[in-house]
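A.B. asks: This is the structure I have questions about; it appears just below.
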Amino acid sequence: MILSSNEKRALLRQQCREALAAHIHERLGLTVAPGRVRLQPSAADGYAWSVSKSQENLLRSNLSNGTVGLYQAIRDALGCSIEAVSPQTLRESDAGSFKSMSDERPRSSKLSKPLGTASENHSFTATIRRLEGANRELTAELERGQIYSEELLEERQQWEAKYRGIYEELDNSKFLVKQLEKDLNRAHMGIAEAMEILKNNQLPEKKESCAQ
């Protein structure tokens, strides 16, 4: 049986609604009638949509007047780049909105700290939240390390400045010591010459004294 374009569109719309409703129930445990599923739900509906940035346009339309391509694209992206989450999970995102997260879906995460329901904990949304939290912690740790490194560098520069000052003082002291050694040698030589002259001057006096 060949379906008309309107019939095919209606069939795919119904299948899309059923897939969305089944996904909501699987992820959040909520039972939503396929006919009441919305792409832009309110907080009172009990669910929200987390979507990758490249697929944001899929949720801007209305299911009731969507196209065949839209229904197919939503079903293909469901569970991969479109995911049902609780409104609280969406609000708690520090990134402002999960509708602007990376297109790449993390396959696994070793981080703990579960969020939301058991199904949500295994979702890419929860995984991304944990990874973002870990990334913030690493960023903070890196900033602390950078500050500590700058403090060490400043301290090193201060010690180098002190070392240069001590080295200059040592050079000056060495110069003064050499100068004093030279002055002392000259003084010794002067004293020796003076003693020799004094000795020579005293010898005739002693001879005369003996003669008398």
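Okay, so the sequence shown: first residue is 145 according to our numbering, each after it adds one. Glycine included, C-beta positions come from ideal geometry on N, C-alpha and C. All values reported here derive from a predicted model rather than from experimental measurement.
1) By alpha-carbon positions, which one of Q159, R171, S186 and S194 ends up nearest to P178?
2) Any idea if H332 is buried or exposed, counting beta-carbon neighbours within 10 angstroms, 16 or more meaning buried?
3) Select from A165, L172, N206 and A163 the residue whose C-alpha is nearest the C-alpha of Q184.
4) In angstroms with no decimal places, state the Cα-to-Cα distance between G173 and L296.
5) State the CB to CB distance for the pair R273 and E227, rounded to an integer number of angstroms; the pair is presumed to be in contact (CB under 8 Å).
6) Take L147 as the anchor and find which of V212, A166 and R235 has the nearest alpha-carbon.
7) When you compare the CB positions of H169 and L222, do they come within less than 9 Å of one another, or not?
8) If you count every other CB in all the chains shown that lies within 10 Å of the CB of V195, and 16 or more means buried, which is it?
9) My output table needs one value for V212: the three-state DSSP class, helix, strand or coil.
10) Is it the case that the Cβ atoms of T233 and T269 are separated by a distance below 9 Å?
11) Please determine, among L202, L214, K197 and A188, the residue with the shortest C-alpha to C-alpha distance to K152.
12) Going by DSSP, name the residue or residues bridged to L222.
13) Alpha carbon to alpha carbon, what distance is there between L328 and I362?
14) Between the alpha carbons of W193 and R157, how many angstroms are there, rounded?
15) Quick one: what's S149 bridged to in DSSP?
16) When you compare each of T175, K197 and N279 to G190 by their alpha carbons, which one comes out closest?
17) What residues in its chain sit with their C-beta under 6 Å from that of A165, if we drop five residues either side in the sequence?
C.D. replies: Reading it off the structure:
1) The candidate whose alpha carbon is nearest that of P178 is Q159.
2) Here H332 is exposed: its Cβ has fewer than 16 other Cβ atoms, across all protein chains shown, within 10 Å.
3) Selected option, being the one with the closest Cα: N206.
4) Straight across, the Cα-Cα distance linking G173 with L296 is about 54 Å.
5) Not a contact, Cβ separation roughly 12 Å.
6) Nearest of V212, A166 and R235 to L147, Cα basis: V212.
7) At the C-beta level, H169 and L222 stay beyond 9 Å of one another.
8) With a threshold of 16 other beta carbon atoms within 10 Å, V195 meets it and is buried.
9) Helix.
10) A contact, by the Cβ cut-off of 9 Å.
11) The shortest Cα separation from K152 among L202, L214, K197 and A188 belongs to L214.
12) Residue pairing by DSSP places L222 opposite I226 in a beta bridge.
13) Since the first residue shown for the chain is 145 and the last is 356, residue 362 is missing from the structure and cannot be characterised.
14) If I take the Cα positions, the gap works out to 18 Å.
15) Bridge partners of S149: none, in fact.
16) The shortest CA-to-CA distance from G190 to any of T175, K197 and N279 is the one to T175.
17) Closer than 6 Å at Cβ, skipping near neighbours: V176, P178 and V181.
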